[in-house]
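*Asks:* Residue numbers (the UniProt record's numbering): 1 to 308. The structure that follows is given in the form of structure tokens.
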Amino acid sequence: MSTTAALKPAPRGEEHWTRNGDAELFLWRKAPEAGAKAGTVLFVHGSSMASQPTFDLEVPGRPFSSAMDYFVDKGFETWTVDLRGYGRSDKRPGTEATIAQGAEDLAAATDYIIAETGVPAFHVYGISSGALRAATFAERHPERVKRLALDAFVWTGEGSHTLENRRKKLPDFPRGGRRPIDKAFVYSIFNRDHPGTAEDKVIEAFADAITALDDSMPNGTYIDMCTHLPVIDPAKITVPTIVMRGEYDGIAGMDDLIAFFRKLPNSDKQFAVMPGISHASFQQKNYMLVYHILHGFFTQPEPIYRGG
């Protein structure tokens, strides 16, 4: 990576607000000053952190620690949204924040972005339960998804030792309740699968950013992932799709993902295994590898021939 790129000032962020029914949703936008010539990316966060810590994290000495900044540098407009129950969005008591509700929030967020910018469709990236929300959104609104990236994804849960351990704690996750989080919990995300995949300074910055916004998280996605899988029908994912799996990810079982991938009907699909990576891809030592894979998929030319 060039030092020139590393020293570029971060693009300015803008906060936006919309509603899904009576739930207020916070959106965050970063865009190139010269305009988005490459398209628009919508980033979807997971179960245990809001959007800005995940996708717009600043770490001194770590070039393009913010995925949003990286894709702005590549000519994309970028958006993310705190889904209900997270960050700066509506966190009223009793909020379930299920996968289905998250997909509804994405529909409301894209309603707003389309009205604001005129963009008709998005490159959508979701990680962990955010991948499940993004896939559900793509099922319901394929016309709004140009390309879909599913990272740290789970389909049936087969072979997921993280979910197996989480099911034992289901009595601690009442529907509509919240589970406490702290910096030690954030460290556990990086230590449960393969310690050493992320730098301590990055984990520390990530933990600080997460806990600055939330001291607890809604239980909805945990309950869904432990008791309701599968929530996605791959045959209904008709858009171009990439499935991204970290080598050491304890959530995403390899055989489970391959079975899902085989059932995707669009032949414009890819499966990427990311070496040296566990669960939180953008916070790993090999994060630039993740960006490269994602950028390659988002900029892939559309096929001009599809056969007979």
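Virtual Cβ for every residue (Gly too), placed ideally from N, Cα, C. Being a predicted model, the structure only gives us computed values, none of them experimental.
#1: Which same chain residues, not among the five before or five after Ser281, have their C-beta less than 8 Å away from its C-beta?
#2: Where does Ala135 fall in DSSP's three states?
#3: So, using beta-carbon positions, are Arg178 and Ser216 closer together than 8 Å?
#4: Can you find the residues in the same chain that come closer than 7 Å, C-beta to C-beta, to Gly94, ignoring five residues on each side of it along the sequence?
#5: Using only alpha-carbon positions, find the residue among Cys226, Thr78 and Ile113 that is nearest to Thr162.
#6: Under 8 Å between the Cβ atoms of Lys269 and Phe260?
#7: What is the rounded straight-line gap between the Cα of Arg147 and the Cα of Thr78?
#8: Let me confirm a value: Arg133 is counted as buried when at least 16 other C-beta atoms fall within 10 Å, else exposed. Which label applies?
#9: With distance defined between alpha-carbon atoms, name the residue in Gly308, Tyr125, Glu199 and Gly220 nearest to Ile277.
#10: Does the beta-carbon distance from Phe76 to Gly39 come in below 8 Å?
#11: Decide yes or no for the touch test of the stretch 98 to 114 against the stretch 10 to 30: beta carbon pairs closer than 8 Å, at least 3 of them.
#12: Who pairs with Arg178 in a beta bridge, going by DSSP?
#13: Do Leu57 and Asp190 come within 8 Å of each other at the CB atom, strictly closer than that value?
#14: What's the C-alpha gap between Asp182 and Ala34?
#15: Is the distance from the Cβ of Ile203 to the Cβ of Gln300 below 8 Å?
#16: Taking 6 Å as the limit between beta carbons, can you name the residues of its chain near His45, skipping five residues before and five after?
#17: Taking only the alpha-carbon atoms, compute the straight-line gap between Ala138 and Lys74 and give it to the nearest angstrom.
#18: Enumerate in chain order the residues of its own chain whose CB-to-CB distance from Thr3 is below 6 Å, with the five nearest sequence positions on each side excluded.
#19: Is the separation between the beta-carbon of Arg144 and that of Phe173 shorter than 8 Å?
#20: Expressed to the nearest angstrom, what Euclidean distance is found between the alpha-carbon atoms of His228 and Pro9?
#21: By DSSP, does His295 sit in helix, in strand, or in coil?
#22: State the CB to CB distance for the pair Leu42 and Val154, rounded to an integer number of angstroms; the pair is presumed to be in contact (CB under 8 Å).
#23: So which of Lys168, Ala109, Pro218 and Glu158 has the shortest CA-CA distance to Tyr86?
#24: So, under 8 Å CB-CB, Ile99 and Thr221 are touching, yes? Tell me the CB distance rounded to an integer number of Å.
#25: For the beta strand (DSSP E) containing Val81, list its first residue and its last residue.
#26: Suppose the cutoff is 7 Å on Cβ atoms and the five residues either side in sequence are ignored; what does the same chain contact list for Leu294 look like?
#27: Here's the rule: buried if 16 or more other CB atoms are within 10 angstroms of the residue's CB, otherwise exposed. What is Arg88?
#28: Checking contacts by CB at 8 Å: is Asn20 closer than that to chain B?
*Replies:* Judging by the given coordinates:
#1: The residues Ile127, Asp151, Ala152, Met244, Gly246, Met274, Tyr287 and Val290, in chain order, have a CB closer than 8 Å to that of Ser281 in the same chain once the five nearest residues on each side in sequence are set aside.
#2: Helix at Ala135.
#3: When the beta-carbon positions are compared, Arg178 and Ser216 come within less than 8 Å of each other.
#4: In the same chain as Gly94, and ignoring 5 residues on each side of it, the C-beta atoms closer than 7 Å to its own belong to Gly176, in chain order.
#5: With distances taken between CA atoms, Thr162 lies nearest to Cys226 out of Cys226, Thr78 and Ile113.
#6: No, these two residues do not count as a Cβ contact at 8 Å.
#7: Answer to the nearest angstrom: the Cα atoms are 14 Å apart.
#8: Arg133 comes out buried.
#9: The shortest C-alpha separation from Ile277 is found at Glu199.
#10: In this structure, Gly39 lies closer than 8 Å to Phe76 by Cβ.
#11: For the pair of segments examined, the stretch 98 to 114 was found to touch the stretch 10 to 30: the number of CB pairs separated by less than 8 Å reaches three.
#12: Within the DSSP bridge table, the entry for Arg178 names Pro218 as partners.
#13: Just to set this straight, residue 190 is Phe in the shown sequence, not Asp. No; because the gap between Cβ atoms is not below 8 Å, this pair is not in contact.
#14: Rounded to whole angstroms, Asp182 to Ala34 spans 40 Å at the Cα level.
#15: Going by C-beta atoms, Ile203 is not nearer than 8 Å to Gln300.
#16: Ser51, Thr54 and Gly130.
#17: A straight line joining the alpha-carbon of Ala138 with that of Lys74 spans about 24 Å.
#18: Its pLDDT being 41, under 50, Thr3 is placed unreliably by the model, and nothing is read from it.
#19: In this structure, Phe173 does not lie closer than 8 Å to Arg144 by Cβ.
#20: If you take the alpha carbons of His228 and Pro9, they lie about 44 Å apart.
#21: Three-state DSSP puts His295 in a helix.
#22: The distance from the Cβ of Leu42 to that of Val154 is about 20 Å, inconsistent with a contact at the 8 Å cut-off.
#23: Checking every option, the nearest Cα to that of Tyr86 belongs to Pro218.
#24: So it is a contact: roughly 6 Å between Cβ atoms.
#25: Counting along the chain, the unbroken beta strand (DSSP E) around Val81 starts and ends at Phe76 to Asp82.
#26: Around Leu294: Tyr125 and Ala149.
#27: Buried, since its Cβ has 16 or more Cβ neighbours within 10 Å.
#28: The question asks about chain B, but that chain is absent: this structure has only one protein chain.
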